[in-house]
Each structure stands twice: as structure tokens, then as C-alpha cells.
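A.B. asks: Here it is, the structure in full.
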Amino acid sequence: MGCAGDLLSVVDHTLRKFLAGHWFESSFWIMLAVAAYVYSYEFDRGVEMYKFGAAGWPRVIIILTFVAAVGQLIHQLLTRDESVVISGVKVHTTTVAPPVLAASSYVRLGMILGLPIVYSAFLEHTGFYFTTPIFLVVYLFVTGERRPVWLIGVPALIFVLVSVIFTRLLYIGLPIGYWPGFYDVGNWFVVLLRS
Amino acid sequence: MEQFLAGAVTLVSNPTSIMIFIAGLFGGMLFGAIPGISMLTLGAIILPFTGNMTATDAIMLYSVIYCSGVFGGAITAILFNIPGAPENAPTAFDGYPMTKQGMAGKAVGAAVLCSSFGGTCSAILMMSATALIADWAISSFGPPEIFALVVFGIAVASSVGAATVWKGWLSVLLGLLIATVGLDPVAGIERYNFGFVYLLAGIHFIPTILGFFAVSEVFIQTEKSAAGTYQAPKVNLDFPSFIDFWRLKFAVLRSVVIGFFCGILPGIGATLAAFMGYNEAVRWSKHPEKFGKGELEGVVSSETANNAATGAAMIPLLALGLPGGALTAMMIGVFQMHDMEPGPLVFVNSSELVWVVFAAMFFANISIFFLGWLQTKTVVHLLRIPFHFLAPAILLIATVGAYAVRGLVMDVFVMFAAGIVAFYLRRSGYSVAGIILGLILGKIGEQNFAQAMQMMSYDMVPFVSRPIVAVLLIAAGLTLFGNLVKEVRQIKRSSAA
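Listed in order, the protein sequences are those of chains A and B. Taking this note's numbering, the leading residue of the first sequence gets 53, the next gets one more, and so forth. Taking this note's numbering, the leading residue of the second sequence gets 7, the next gets one more, and so forth.
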């Protein structure tokens, strides 16, 4: 837990520094612009009916991005401050003050950010009806709920309500999964809801 | 006036029409409030069944859904930072901060009243000047003018919500760059898809909006909850007072004009109307720094403008047979199912239909006020639910919303990835609104620029000589110049300090 917390703490700090620091931030935009420009040669083909081709519009955006990134860098170097003045009012660029967290909280933050990604990665394979209840219970646990009745009851209520509304009433086809077994569970659930 | 009264009498004297009117009103509000499951979903679902209705009832149903659907998304945008549709996104900028400050009732009340007012004004304007306005707007607004309008919109958006001018520009440019992913709008050449078939269709703005707003908000609040700094919003049902609205009379009137004007233009519609209404409110305000932090004027401006666009969107549809957006395109389908063609002749051959539709839209906008008031008194109580119970529900609704747009799990992934990106960008002074507006306007801008260039044989002189283009480009230039002057002053002040 401690090791994972330290690692996530480093990742989080790096990301924050990356976005807030002078050079890190501008480097990111400049690298993005350069990479996008280089990649634009992949589709730089002439279009018979359009002189500027498929790459013309993206390249203008990329060049403007480069200019804005340099402008931002100059701004930060000249002001030597992470805060700015908008219409006479001093505003910190860090608009939402990041709370200082303990190492264990970084694990929790990592899970808060990472769990939905894991959920979406499994969604297509294991299906909505199998994956969602597990995701809801784990997410609620991660956000601090420990009472068993609430831990089971709230996800069950949310899952049933959402499933009935979208699957039965609105007739929206949600993923049922295609891995063996999961498909059968998903399909069974859809048939049950719509019967 | 006689025609309006005749239309109103036809509407209220037929029980079937009344039932269809009520169903459209509630259906639009419900579907408009659920992200991803917009009024377009409802429109698509009911399209096959409209063949059994009379042409008047069918077109009237869609026009009512349009009015109530645009309003529907405001409630979730204000209470949970989940815009039901892109046109409600600017409502969340100030509506949600107001909720966090315990002013949810005030924000929702303003949204209800302004949606109703904007829509009603638009309906009145539509009734009084359809043919005249349609003729002017359509003949004066071609691809060069729409491109110039997009440039102006981008210029204004870049100066809103970011910590510096440059961050504002970087936000908008990131949105524009994301919009280039997929097939190019001129020749269909693959761009930035990195070999992924999914990316050929581009990155859809609905999952991105859900990620930037709803998901990132859940992450931020959950992080605060983990750190023990989360403060639950107070539930307050106070509606804005008459004085509040009187103070904002110019913002409301300005948004009516902006919304109506944007609504007329094909392909622009309520989304740009809402953003432009919001942006202009910031630009004209004496206290622009208050926007984004819970300023009532922000909610008022965007909700007035997006509903003012609804009546205007009917003008090119009915007068010229040109749909301004997806829902009005469905209406063309309804006309065709009944062997009719919208256009100038519809006013001669089907005058009753036109005036029933006008009357229905007028009454729909009036009804929004009363229904919205009832909705406010009930829905605001959802805020009493502890946030850690709401968080998984919000994530799940957003997941279904993102998936339902195109039936792609990749959209769900994009939404969560956008949520993580926004989680970091929002605390670094970048403008989420700018990114979204860039994403929405990117394709419109490129397509119209290409058409404009082809029209003008790549000669810039006739392009910029068109009066409306010139005015819009000069306005965009002045906006940029003003921002740069502010930037220089800021640097000077900083150096002097």
C-alpha cells in the first residue's frame, strides 16, 4: 500500500508539475504541435477539388498552437508568477487548489481515476450487466463506504433503476459481452428485463 | 393575430392534438435531461409512428419536443454539472458553482424563466417575420459568413474562462485539433486515426462533454471527499427575484437576439447560440471575473439564447425547406412521410399546419415555465443525497449516455479519459468551455472555409469584401487585439511590482 501510494504520489505530483511548471507546460504543447505536424505528412495528399488538401486546416491549427505555447512561455517567464490578473483581479492559475493528501489517499485517488478506465476496458468483453454491479460496489467502497447494507443496497438500486430505464423503457442496447459465459449472462438479463 | 388564434383553437379543440402536445412536452424535457439520450433519440424513436398521425400533429409534436428538449438539459447541468445536451454546456459553467454555493433554486429558477422567455420571444418573432427574416438570413449567409461567425465565436471563446489569454487559445486550439481526428470533411481522407477504425468517425463531442463536465466533477469531488474537504451543497429553493431579472434585462435581450440569429443559420443552431450568448455576457459585463464562479448572468444568458434559437430554427425549415439541425432534418422526413415538401408553398397550401405549429411552440414555451417551476421544487431535493452515493450513479448514467450515442464502448473509454484530462486541466487554468467549443466548431469551420474558398476561387479579396464577413472578422480581430493589450498591461504591471 505504502509503495503503491508513493508511486502514485510521484505520478500525481509529476502531472501537476507538468501542467503548472513553465517549461514542462510549454514543452508539452510544443511537442504536441511538432508531433501533430510531423504526423500530418501521413495524410498530406492533394485533393482535386480543394487546393489546401486534407492537411491544410490541421496545420494552421498546429502552427497557432505553437505560437500560443510560446506566448504562454513568454508570459510565464516575464511575469515570473503562477498567478495572473484578469480584469484587475489576481487569479491563480491553479484554479482549484489541490488538497494535500496522505500516501494512502493517493492510492484512493489512483483508484478513483483508474477504476472507470478498467471498467470501460472490460465493458465490451464482459458486458454491462455483469461488469456494472461489480464496478459500482468497488467504486463505492473506494469512496469510503464501509457499511455492508449500503455497500450492496445502493449499487443494487442504481443498477436496477438504470437497467430498467434504459434497457426496458428506452430499449437501448447496452453491451452484453462476448467472452464465453458473460454473453449468456448479459443476454439472459436483457431477456429478463424485456419480458 | 387571427391566424395565430385560429391555430391555437385548432390545437386546443382536438383532444388527440392536446395529448400529443403534452406527450411531446414531457418527453422532450425527460430526454433532454438525460445525457446522451437527447431529444434526438426521442425524435428518432417516434419517427416511424408519426406516419399514423396527421401531418399537423406530427410536425407539431416535433416542434414541441424541440422546445422542451433544449430546456431539459439545464436542470442536470445546474444540479450535477451534467449538461443534458451540448447546448446546455455553458449553463453548467455558472449553474453548477451556484449549486455548490447553495443557490441551486435560484439557478434553476433563472433557467426555467429564461428558457421560457427566450423561447416565447423567439416564437413571437418567428410568427411575425418568418418569410422576411428567412429571406434575408439565407440570402446573406453563405459559407464565408458562417466561417467568419465561427472565427468570431472562437476568438470570443478563447478569452473566456482561462487564466491567461494564451491558455484560452491553447484550450480552443486543443478542441479544434481534436475535431480534425477522423475523416476530413472535404474529401474523406483519414486524419490522425493512427490506424484505429474507431477513430475514422472522429471523436464525438457528447462523450467528451460528459468527460469534461460530469466525470471530472465526480473525480474532483471524490478527491475532496477523500481529503475530507468536501462540502455538500445546501438545498435552497429560493427563486430569483424580479429585481435580479431587472438587473439582467440587457443580458436577456442580448441573448434573445443572439439566440434567434444563430438559430436561423443552418448547421449552427442552439449550441453556438448558448456559447455566444454566454461569451457576450462575459464580454459586456463589468465584472467578467465573476463568471465561472456562480454568476447568475451566465445561466440567464446561455439558457435564454439556446431556447431563443428554437423558434428561429423553424424559419429556414418552413420558409425554405432547409433544416438547421438534426431534429429539424427529422421534420423534413415527417413532411415527406405525409407527401409534403416544406418551403415557401407550405404557407400557401398548408397554412393551418404552420399556424398550429407556431401556436404549439408558443404554448410549449409558456408551459416550460410552469412545468419547470414544479420540476425545480422536486428535483432540487436530489442534492440531499450524499455525494458518494450520487457519484457512482452519475458515472453510470454518463456511461450509458456516452455509449448510447453510437453504440461504441470506445466512446465510454474516451469519456473517462477526457474526465482524467479535465481533472488536471481544470486546476491548471485551462478553459474546458474553450476545448468543447473548439471541438464543436472545428468541423463546421473547416467545412465552411473549404466551401467558401471554392466559391471564391481561392481569392481572399472578394472573401473579406463581403460586408458581414468583414464585420465579423474585424470584430474577431478587435477581440484578439483587446486580449493582447490586456496581456501586455498585465506583464507591465507584473514587471513593475
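Ideal Cβ placement from N, Cα and C applies to all residues, glycine included.
Alpha carbon to alpha carbon, how far is M554 of chain B from I217 of chain A?
C.D. replies: Only positions 7 to 503 of chain B appear in this structure, which leaves residue 554 of chain B out of reach.
A.B. asks: What whole-angstrom Cβ distance do T105 of chain B and L85 of chain B have, given they're in contact under 8 Å?
C.D. replies: Here residue 105 of chain B corresponds to residue number 99 of the second sequence, with the count starting at 1. Here residue 85 of chain B corresponds to residue number 79 of the second sequence, with the count starting at 1. Rounded, the Cβ-Cβ distance is 6 Å, consistent with contact.
A.B. asks: Is V203 of chain B helix, strand or coil when you go by DSSP?
C.D. replies: Position 197 of the second sequence, counting from 1, holds the residue named residue 203 of chain B. Looking at V203 of chain B - three-state DSSP - the assignment turns out to be coil, as it is neither helix nor strand.
A.B. asks: Compare the beta carbon distance of A370 of chain B and G125 of chain B with 9 Å and say whether it is the shorter of the two.
C.D. replies: For the purposes of this step, residue 370 of chain B is taken as the residue at position 364 of the second sequence. For the purposes of this step, residue 125 of chain B is taken as the residue at position 119 of the second sequence. Taking 9 Å as the Cβ cut-off, A370 of chain B and G125 of chain B qualify as a contacting pair.
A.B. asks: Is any beta-carbon of chain E found at less than 9 Å from that of A311 of chain B?
C.D. replies: No chain E is part of this structure, whose protein chains are labelled A and B.
A.B. asks: Which runs of the alpha helix (DSSP H) spanning at least 4 residues fall entirely within the region 400-464 of chain B, listed in chain order?
C.D. replies: Counting only runs of 4 or more, we get 415-431, 438-461.
A.B. asks: For G229 of chain A, does the three-state DSSP call read helix, strand or coil?
C.D. replies: For this step, residue 229 of chain A is matched to residue 177 along the first sequence. Note: G229 of chain A maps to coil in three-state DSSP.
A.B. asks: Output the distance between the C-alpha atoms of T56 of chain B and F37 of chain B, rounded to the nearest integer angstrom.
C.D. replies: Residue numbering aside, residue 56 of chain B sits at position 50 when the second sequence is read from its first letter. Residue numbering aside, residue 37 of chain B sits at position 31 when the second sequence is read from its first letter. Taking the straight line joining both Cα atoms gives about 18 Å.
A.B. asks: Taking P92 of chain B as part of the alpha helix (DSSP H), name the residues at either end of that continuous run.
C.D. replies: The residue you call residue 92 of chain B lines up with position 86 of the second sequence. That residue, P92 of chain B, is in no alpha helix (DSSP H); it is neither H nor E in DSSP.
A.B. asks: What is the DSSP secondary structure of L254 of chain B, reduced to helix, strand or coil?
C.D. replies: By one-based count along the second sequence, residue 254 of chain B stands at place 248. Of the three classes helix, strand and coil, the one that applies to L254 of chain B here is coil, per DSSP.
A.B. asks: Let me check understanding here. Comparing Cα to Cα, which of B:V363, B:Q453, B:M416, B:F455 lies closest to A207 of chain B?
C.D. replies: On the second sequence, residue 207 of chain B is found 201 positions in, with the first residue counted as 1. Here the closest residue by C-alpha is B:M416.
A.B. asks: May I ask which residues mark the beginning and end of the alpha helix (DSSP H) holding R495 of chain B?
C.D. replies: Here residue 495 of chain B is taken as the residue at index 489 of the second sequence, counted from 1. Segment 473-502, the alpha helix (DSSP H) holding R495 of chain B.
A.B. asks: Okay, do the region 339-355 of chain B and the region 286-294 of chain B touch, 3+ Cβ pairs below 8 Å being the bar?
C.D. replies: With the cut-off at 8 Å, the region 339-355 of chain B and the region 286-294 of chain B do not touch.
A.B. asks: If I measure Cβ to Cβ from T405 of chain B and keep anything under 8 Å in the same chain, skipping five residues before and after, which residues do I get?
C.D. replies: Start at 1 with the first residue of the second sequence, and residue 405 of chain B comes out as number 399. Result list for T405 of chain B: V418, M421, in chain order.
A.B. asks: Note the first and the last residue of the continuous alpha helix (DSSP H) segment covering P27 of chain A.
C.D. replies: Given that chain A is displayed from residue 53 to residue 247, the structure contains no residue 27 of chain A and the question cannot be resolved.
A.B. asks: Please check if any C-beta of chain A sits within less than 9 Å of the C-beta of V491 of chain B.
C.D. replies: As a first step, residue 491 of chain B is located in the second sequence; it is residue number 485 there, counting from the start. For V491 of chain B, the answer is no, since every Cβ of chain A falls outside 9 Å of its Cβ.
A.B. asks: Counting only beta-carbon separations shorter than 9 Å, does G233 of chain A have a partner in chain B?
C.D. replies: Within the first sequence, numbered from 1, the residue matching residue 233 of chain A stands at position 181. Chain B contact via Cβ: absent.
A.B. asks: Of the residues that make up the region 193-219 of chain A, which ones have a beta carbon closer than 7 Å to any beta carbon in chain B?
C.D. replies: Taking 7 Å as the Cβ-Cβ cut-off against chain B, the residues of the region 193-219 of chain A that qualify are T195, G196, E197, V206, P207, I210, V214, F218.
A.B. asks: Please list, in chain order, all residues of the same chain as V189 of chain A whose beta carbon is under 8 Å from its beta carbon, the five residues on each side excluded.
C.D. replies: For the purposes of this step, residue 189 of chain A is taken as residue 137 along the first sequence, with counting starting at 1. Counting only Cβ-Cβ distances below 8 Å, and skipping sequence neighbours, we find L203, I204, P207.
A.B. asks: Quick one, are the C-beta atoms of G79 of chain B and N94 of chain B less than 9 Å apart?
C.D. replies: Position 73 of the second sequence, counted from the first residue, corresponds to residue 79 of chain B. Position 88 of the second sequence, counted from the first residue, corresponds to residue 94 of chain B. For G79 of chain B and N94 of chain B, yes; Cβs fall inside 9 Å.
A.B. asks: For F395 of chain B, which residues of its own chain have a beta-carbon under 8 Å away from its beta-carbon, when the five flanking residues on both sides are left out?
C.D. replies: Here residue 395 of chain B corresponds to residue number 389 of the second sequence, with the count starting at 1. Nothing listed; no residue qualifies.
A.B. asks: Hey, G98 of chain A and G105 of chain A are a contact pair by Cβ (cut 8 Å); roughly how many whole angstroms apart?
C.D. replies: Along the first sequence, read from residue 1 onward, the residue named residue 98 of chain A stands at position 46. Along the first sequence, read from residue 1 onward, the residue named residue 105 of chain A stands at position 53. Sure, about 5 Å apart at Cβ, within 8 Å.
A.B. asks: Report the three-state DSSP secondary structure of E176 of chain A (helix, strand or coil).
C.D. replies: The sequence position of residue 176 of chain A within the first sequence is 124, counting from 1. It is helical.
A.B. asks: Flag this pair as yes or no: are the beta carbons of V262 of chain B and A319 of chain B separated by less than 9 Å?
C.D. replies: Position 256 of the second sequence, counted from the first residue, corresponds to residue 262 of chain B. Position 313 of the second sequence, counted from the first residue, corresponds to residue 319 of chain B. The answer is no: Cβ separation not under 9 Å.
A.B. asks: What are the boundary residues of the alpha helix (DSSP H) that includes V237 of chain A?
C.D. replies: By one-based count along the first sequence, residue 237 of chain A stands at place 185. Looking at the DSSP string, the run of the alpha helix (DSSP H) that includes V237 of chain A is 234-246.
A.B. asks: Here's a check: name, in chain order, each residue in its chain whose Cβ is nearer than 6 Å to the Cβ of A456 of chain B, leaving out the five neighbours to either side.
C.D. replies: Counting from 1 along the second sequence, the entry for residue 456 of chain B is found at position 450. For A456 of chain B, where only same-chain residues beyond five positions count, the Cβ hits under 6 Å are V192.
A.B. asks: For Q453 of chain B, which option in B:S23, B:D190, B:F353, B:M132 has the closest C-alpha, if you only look at C-alpha atoms?
C.D. replies: On the second sequence, residue 453 of chain B is found 447 positions in, with the first residue counted as 1. Nearest of B:S23, B:D190, B:F353, B:M132 to Q453 of chain B, Cα basis: B:D190.
A.B. asks: With a threshold of 16 other CB atoms inside 10 Å of the CB of D63 of chain B, please say whether the residue is buried or exposed.
C.D. replies: Residue numbering aside, residue 63 of chain B sits at position 57 when the second sequence is read from its first letter. Answer is buried; the Cβ neighbour count reaches 16.
A.B. asks: Just verifying my parser: in three-state terms, what is the DSSP assignment at E196 of chain B?
C.D. replies: As a working mapping, residue 196 of chain B is identified with position 190 in the second sequence. Reduced to three states, the DSSP call for E196 of chain B is strand.
A.B. asks: Any beta carbon from chain A within less than 9 Å of G425 of chain B's own beta carbon?
C.D. replies: Taking the first residue of the second sequence as 1, we reach residue 425 of chain B at position 419. Chain A, which has a Cβ nearer than 9 Å to the Cβ of G425 of chain B, makes this yes.
A.B. asks: Any idea what DSSP makes of G162 of chain A, helix, strand or coil?
C.D. replies: Looking up residue 162 of chain A in the first sequence gives position 110. G162 of chain A: helix per DSSP, three-state reduction.
A.B. asks: Whole angstroms is fine: what's the gap from G444 of chain B's alpha carbon to S164 of chain B's?
C.D. replies: On the second sequence, residue 444 of chain B is found 438 positions in, with the first residue counted as 1. On the second sequence, residue 164 of chain B is found 158 positions in, with the first residue counted as 1. Distance between the alpha carbons of G444 of chain B and S164 of chain B is about 9 Å.
A.B. asks: Check the C-beta distance from N313 of chain B over to S128 of chain B and give it rounded, since I have them as a contact under 8 Å.
C.D. replies: Stepping through the second sequence from its first residue, residue 313 of chain B is reached at position 307. Stepping through the second sequence from its first residue, residue 128 of chain B is reached at position 122. About 7 Å; that satisfies the 8 Å criterion.
A.B. asks: Measuring CA to CA, which of B:A50, B:T97, B:G101, B:L414 is closest to F251 of chain A?
C.D. replies: Any property of residue 251 of chain A remains undetermined from this structure, which presents chain A solely from 53 to 247.
A.B. asks: Where does G30 of chain B sit, in a helix, a strand or coil, going by DSSP?
C.D. replies: Taking the first residue of the second sequence as 1, we reach residue 30 of chain B at position 24. G30 of chain B falls in the helix class under three-state DSSP.
A.B. asks: Any idea if W361 of chain B is buried or exposed, counting beta-carbon neighbours within 10 angstroms, 16 or more meaning buried?
C.D. replies: If you number the second sequence from 1, residue 361 of chain B lands on position 355. Classification of W361 of chain B: buried, given that the 10 Å Cβ count is 16 or more.
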